[in-house]
Amino acid sequence: MITPILKWPGGKRWLISSGQLPKISQYTKYIEPFLGGAAIFFYLKPENAILTDVNKELIETYQAIVEDYVSLEALLRDHHRNHCTDYYYKMRQFSPKDRISIAARFIYLNRTCWNGLYRVNKKGQFNVPIGTRTSILRDTDNFELLSVILKSAKIYYSDFEQTIDLSDEGDLLFVDPPYTVKHNHNNFLKYNENIFSWQDQNRLKTCLLRAKNRGVQIIMTNADHECIRELYKEIGNCFIVTRMSSLSSKSDNRKSITESVFTANFKLN
Ligand SMILES: C[S@@+](CC[C@H](N)C(=O)[O-])C[C@H]1O[C@@H](n2cnc3c(N)ncnc32)[C@H](O)[C@@H]1O
38 MITPILKWPG
48 GKRWLISSGQ
58 LPKISQYTKY
68 IEPFLGGAAI
78 FFYLKPENAI
88 LTDVNKELIE
98 TYQAIVEDYV
108 SLEALLRDHH
118 RNHCTDYYYK
128 MRQFSPKDRI
138 SIAARFIYLN
148 RTCWNGLYRV
158 NKKGQFNVPI
168 GTRTSILRDT
178 DNFELLSVIL
188 KSAKIYYSDF
198 EQTIDLSDEG
208 DLLFVDPPYT
218 VKHNHNNFLK
228 YNENIFSWQD
238 QNRLKTCLLR
248 AKNRGVQIIM
258 TNADHECIRE
268 LYKEIGNCFI
278 VTRMSSLSSK
288 SDNRKSITES
298 VFTANFKLN
């Protein structure tokens with residue numbers, strides 16, 4: 038299995054490794070409107086795909102791998118050599134202008150920040166503190182292979198609604214939005230509300246219903262919560278999946294968390 042290059046909050050690798058991803062058969066085009074770490078895309082390796090996200094640097098990172106992964110790897114080697122606390126905070130402040138440097142900084146920060154978290158301040162500046170990991174280059178990295186897989190995909194910055202509206206009968210939509218619920222007291226979900234409001238959840242439901250009515254195959258993951266089941270009840274089947282929480286570094290604080298998966302126009306085996 039290909040290892041995604043980024044550790045991404047809410048990443049769905051565990052859905053594959055735990056055997057809980059619904060079995061996917063044929064589809065025409067693969068569409069992922071909340072791309073993040075792209076775990077499902079790298080697992081399926083579709084030949085025809087549309088991949089979008091509203092995180093501009095994330096999108097530039099994937100575009101840079103296609104454009105020139107050799108120069109990107111060279112810059113990552115520089116970051117690897119220079120890595121220390123001072124260097125991390127200097128890079129965190131720095132805003133490179135060209136795409137390859139933007140991508141190298143993005144991967145460097147992702148691999149050395151606290152728990153692979155992605156969080157920005159009100160000015161949009163990345164503000165996650167340094168973490169304990171020090172390996173910027175990994176044995177599992179295969180940028181050449183990633184560039185081949187990504188080359189045939191259309192990858193661009195977009196809000197989810199325009200992307201979902203491109204889907205047609207027979208296409209497969211994998212939808213993994215930031216998790217928010219109507220009212221909550223959980224700090225992690227509260228932060229998500231700044232980037233994905235309850236209004237966005239409503240907007241998502243409306244455009245997923247349009248896609249469902251066009252005959253698009255849909256898999257959507259979301260929080261396991263009554264308000265989510267209520268909101269998305271017209272989408273289709275809902276089942277519960279379980280993962281181990283990885284937000285705490287202390288093993289005694291790890292616990293199992295449930296999430297929901299909705300499917301439409303989809304034959305579950
Ligand atoms: C839970 S993550 C997706 C994780 C991904 N499935 C993986 O395996 O790594 C959600 C993604 O949605 C993106 N996002 C948030 N609001 C969005 C919007 N309005 N339109 C498109 N993408 C959005 C975030 O930037 C983030 O990358």
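To get my numbering, take the position in the sequence shown, counting from 1, and add 37.
C-beta atoms are modelled at their ideal positions from N, C-alpha and C, and glycine is treated no differently.
Quick caveat: nothing in here was measured; it's all calculated off a predicted structure.
Contact set for residue i: own chain, Cβ-Cβ below 7 Å, skip 5 residues either direction
| i | result |
| --- | --- |
| Q100 | R136, I192 |
| F71 | D90, F197, V212, D213, P214 |
| R129 | L146, F163 |
| T200 | I68, P70, I87, T89 |
| C264 | V218, K219 |
Same chain only: Cβ atoms within 6 Å of residue i, ignoring 5 sequence neighbours per side
| i | result |
| --- | --- |
| F172 | Correcting the residue identity first, residue 172 is Ser in this sequence and not Phe. Nothing meets the Cβ criterion. |
| L209 | Y64, Y67, Q254 |
| W45 | G73, G74 |
| T40 | T177 |
| S282 | R291, K292, I294 |
| H117 | I173, L174 |
| L4 | Outside the displayed span of the chain (38 to 306) sits residue 4, for which this structure offers no information. |
| I186 | K82 |
| A76 | P41, G48, K49, R50 |
| T98 | A140, F143 |
| V298 | T258, F276, V278 |
| N349 | Nothing about residue 349 can be reported from this structure: the residues present for the chain run from 38 to 306 only. |
| F79 | I39, P41 |
| I232 | P215 |
Endpoints, alpha helix (DSSP H) assigned at residue i
| i | result |
| --- | --- |
| Q238 | 235-251 |
| C264 | 263-268 |
| F180 | 180-188 |
| S282 | Per DSSP, S282 belongs to no alpha helix (DSSP H) and is neither H nor E. |
| T200 | 197-201 |
| I272 | Element bounds for I272: n/a, residue is neither H nor E. |
| I256 | Not the alpha helix (DSSP H): I256 falls in the beta strand (DSSP E), residues 254-260. |
| T50 | In the sequence on display, residue 50 carries Arg and not Thr. 50-54 is the extent of the alpha helix (DSSP H) around R50. |
Element boundaries [beta strand (DSSP E), containing residue i]
| i | result |
| --- | --- |
| L210 | 209-212 |
| I294 | 293-301 |
Proximal residues to residue i (C-beta, below 8 Å), its chain only, five neighbours per side dropped
| i | result |
| --- | --- |
| S204 | K66, I68, L210, A248, R251, V253 |
| T181 | The question names Thr, yet the displayed sequence has Glu at residue 181. Around E181: Y106. |
Proximity test, residue i beta-carbon vs ligand 3 heavy atom, cut-off 8 Å
| i | result |
| --- | --- |
| D208 | The model depicted lacks ligand 3 and carries ligand 1 instead. |
Are there three or more Cβ pairs, one per stretch, closer than 8 Å when the segment 189-203 is compared with the segment 46-60?
No, the segment 189-203 is not in contact with the segment 46-60.
Tell me the start and end of each unbroken beta strand (DSSP E) in the segment 62-110 that is at least 3 residues and wholly inside, in chain order.
Taken in chain order, the whole beta strand (DSSP E) runs of length 3 or more contained in the segment 62-110 are 67-69, 86-90.
Enumerate, from N- to C-terminal direction, the unbroken beta strand (DSSP E) stretches of 3 or more residues contained entirely within the segment 108-139.
The qualifying runs do not exist here; there are none.
At a cut of 8 Å, does the segment 93-109 reach the segment 240-254 through at least three beta carbon pairs?
No contact exists between the segment 93-109 and the segment 240-254.
Between the segment 155-164 and the segment 172-185, do at least 3 Cβ pairs fall closer than 8 Å?
Using a Cβ-Cβ distance cut-off of 8 Å, the segment 155-164 and the segment 172-185 are not in contact, since fewer than three pairs of beta carbons, one from each stretch, lie closer than that value.
Inter-stretch contact at 8 Å, needing at least 3 Cβ pairs: the segment 109-117 / the segment 77-94
Because the criterion of three Cβ pairs below 8 Å is not met, the segment 109-117 and the segment 77-94 do not touch.
For the segment 269-279 and the segment 245-261, state whether three or more C-beta atom pairs, one from each stretch, are separated by less than 8 Å.
Flag = yes, the segment 269-279 and the segment 245-261 touch.
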